[in-house]
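Every position in the sequence shown, counted from 1, becomes a number in this note's numbering once 256 is added.
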Amino acid sequence: MGNLGPGLAATGPCMKGPAPDLEPLFEKTDEWARGGEIDDPHNIANQRIYIFAGYNDSIVNPRVGDAAYRFYLHYLGGQSNGNVFYQTAIGAGHSQVTVDYGLPCNKNEGDFIDHCNYDQAGIILQHIYGALNPKNRGAVSGKLITFDQRELTSPESPGSYSMAETGYVYVPSSCAAQQPCRVHIALHGCKQNFETIQDRYIQHAGYNEWADTNRLIILYPQTIVGNPATDPFTPLNPFGCWDWWGYTNFNYAVKAGRQITTIKAMLDRLTSGHLQSPAVPGDNAPFGIVINDVSNTGAAIAWAAAAGAQSYTVNRASGGGDSFTPIGSVSGQSFGDLNLRPATSYRYKVTVSLRGGTEGPSSPVATATTLPPPPRCDTPGSCPVP
257 MGNLGPGLAA
267 TGPCMKGPAP
277 DLEPLFEKTD
287 EWARGGEIDD
297 PHNIANQRIY
307 IFAGYNDSIV
317 NPRVGDAAYR
327 FYLHYLGGQS
337 NGNVFYQTAI
347 GAGHSQVTVD
357 YGLPCNKNEG
367 DFIDHCNYDQ
377 AGIILQHIYG
387 ALNPKNRGAV
397 SGKLITFDQR
407 ELTSPESPGS
417 YSMAETGYVY
427 VPSSCAAQQP
437 CRVHIALHGC
447 KQNFETIQDR
457 YIQHAGYNEW
467 ADTNRLIILY
477 PQTIVGNPAT
487 DPFTPLNPFG
497 CWDWWGYTNF
507 NYAVKAGRQI
517 TTIKAMLDRL
527 TSGHLQSPAV
537 PGDNAPFGIV
547 INDVSNTGAA
557 IAWAAAAGAQ
567 SYTVNRASGG
577 GDSFTPIGSV
587 SGQSFGDLNL
597 RPATSYRYKV
607 TVSLRGGTEG
617 PSSPVATATT
627 LPPPPRCDTP
637 GSCPVP
């Protein structure tokens, strides 16, 4: 990577080097928050976080995922740890992971889409939004619409932000018919922009099938490959990545960042004139829970919204007994239960606290069985996948 310039070469330790010292990152985050350059990081307690590190990833060391997990736990403060789920037991390479599209699971090349019999898009969506309607397994009903990203970067050119002139948005037929919908932003990875692989990420990452049945509009902003040697007005971005190391300018990670403000403008335009109270996709379903994901040390559960709910308490039982113990309360509709034993069954039920302090319904019981420990992988990219 050295011939690509000092800025890009410096990303090597971020991906491959030793685990970062988080204390300076906490200090910088808090400094930005005090100055209003970012919102209060303790708002993370109201967010749902999904972190993934495939054990065949030869591009990014799993210690990077470990550091991200510790960073979020710091700001969750022990009160909302159930908002995060960290998956490390899938044998994927560096990729968007699908059920059956793309390269074999352990690959780190091509379009960086690997099939591992793992519905990553659906798992992400249910961790963020709660239990959803089943995805469309046939031809999707919506339309992929192009829009002009130049209008969102004006008066600057999108190329100066390493962004393409054209972006894409998937609109289900229900949303086109003016039913209330939500917007989910799907950012492609490096080497997955339209310029590089055409629409294969957009069509095959797995989001559109879930969007089709759950009134979700999927926004697909686009980057370009940037090379100032051929275009002096574009920053150096040889793989079409989003700016995670500062190639646009020093504000890349704060609210004033060029790409951040542009994507926020896209979201504002999509939601202008929105209905005040979008219906929850699973609002007509009975209150129940699903096992959304399991790792060797964790289980992720999700549930449909209960009418009048103020908070949800997750209860767990292990072994063959019927003794359920509360393990956490959340305001959303998902929970990540980590630090479990491998190859072990756990049972879960969720109880509801209603507005006004009364107790609401209790969900049926769902059983999750954690995975066995993944094989030791000393040569990521060539390790076996069960």
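By construction, the Cβ of each residue, glycine as well, lies at the ideal position given by its N, Cα and C atoms. Bear in mind the structure is a predicted one, so any value in this text is a computation, not a measurement.
To which residues does DSSP link His444 through a beta bridge? Bridge partners of His444: none, in fact.
Measuring only the C-alpha atoms, how far is Leu436 from Tyr568? According to the sequence displayed, residue 436 carries Pro and not Leu. Distance between the alpha carbons of Pro436 and Tyr568 is about 25 Å.
Beta carbon of Ile626, beta carbon of Glu615: below 8 Å? What sits at residue 626 in the sequence shown is Thr, not Ile. Taking 8 Å as the Cβ cut-off, Thr626 and Glu615 do not qualify as a contacting pair.
Can you say whether Ala461 is buried or exposed, counting buried as having 16 or more other CB atoms within 10 angstroms of its CB? Counting Cβ neighbours within 10 Å, Ala461 comes out buried, since at least 16 surround it.
Residues that DSSP places opposite Pro582 in a beta bridge: Asn571
Which of helix, strand or coil does DSSP assign to Asp593? strand
Ignoring anything shorter than 4 residues or poking outside the region 389-467, list the alpha helix (DSSP H) runs there in chain order. Fully enclosed alpha helix (DSSP H) runs of 4 or longer: 406-409, 429-432, 450-453, 456-460.
What do you reckon, are the CB atoms on Asn571 and Ile557 nearer than 8 Å? no
Check whether the Cβ atoms of Tyr342 and Tyr331 lie closer than 8 Å to each other. no
Relative to the C-alpha of Asn449, which candidate in Cys497, Asp322, Ala573, Lys399 has its C-alpha closest? Checked all of Cys497, Asp322, Ala573, Lys399; the closest Cα to Asn449 is Cys497.
Per DSSP, which residues does Asn493 bridge with? Please list them. According to DSSP, which records beta bridges pairwise, Asn493 is partnered with Gly482.
Going by other Cβ atoms of all chains shown within 10 Å of its Cβ, with 16 needed for buried, is Glu407 buried or exposed? exposed
How would you call Asp468, buried or exposed, if buried means at least 16 neighbouring beta carbons within 10 angstroms? Buried, since its Cβ has 16 or more Cβ neighbours within 10 Å.
When the Cα atoms are used, what is the spatial distance from Val586 to Ser336? 7 Å
Can you tell me whether Tyr508 is helix, strand or coil according to DSSP? In the structure shown, Tyr508 sits in coil (DSSP, three-state: anything other than H, G, I, E or B).
Using C-beta distances below 7 Å, list every residue in its chain close to Ala309, excluding the 5 sequence neighbours before and after it, in chain order. Pro318, Gly321, Thr344
Does the structure place the region 353-370 close enough to the region 573-582 that three or more beta carbon pairs sit under 8 Å? no
Three-way DSSP call (helix, strand, coil) for Gln382 in this model: Three-state DSSP puts Gln382 in a helix.
Excluding five sequence neighbours on each side, which residues of the same chain lie with their C-beta closer than 8 Å to the C-beta of Gln589? Tyr385, Gly386, Ala387, Ala558, Trp559, Ala560, Ala561, Tyr568
What is the DSSP secondary structure of Trp559, reduced to helix, strand or coil? strand
Short check: CB of Trp466 to CB of Ala377, under 8 Å? Result yes, Cβ atoms of Trp466 and Ala377 sit closer than 8 Å.
I'd like the list of long-range same chain contacts for Pro484, defined as Cβ closer than 8 Å, with 5 residues on each side in sequence excluded. Closer than 8 Å at the Cβ level, and outside the excluded window around Pro484, lie Thr490, Pro491, Leu492.
Take Asn464 as the anchor and find which of Ser430, Thr486, Gly564, Asp487 has the nearest alpha-carbon. Ser430
So, with DSSP's three-state summary, where would you put Gly338? In the three-state scheme derived from DSSP, where H, G and I count as helix and E and B as strand, Gly338 is classed as helix.
Hey, how far is the Cα of Asn507 from the Cα of Leu472? 30 Å
Taking the CB atoms as reference points, tell me whether Thr479 and Ser418 lie closer together than 8 Å. yes
When the Cα of Gly544 is compared with those of His530, Asn389, Gly445, which residue comes out closest? Asn389
Report, in whole angstroms, the separation of the C-beta atoms of Ile519 and Pro477, which I expect to be a contact under 8 Å. So it is a contact: roughly 5 Å between Cβ atoms.
So, at 6 Å on beta carbons, what are the nonlocal neighbours of Thr285 in its own chain, with the 5 sequence-adjacent residues on each side left out? Pro297
N- and C-terminal bounds of the alpha helix (DSSP H) containing Ala521: 514-527
Verify whether the separation of the beta carbon atoms of Gly554 and Gly592 is less than 8 Å. yes
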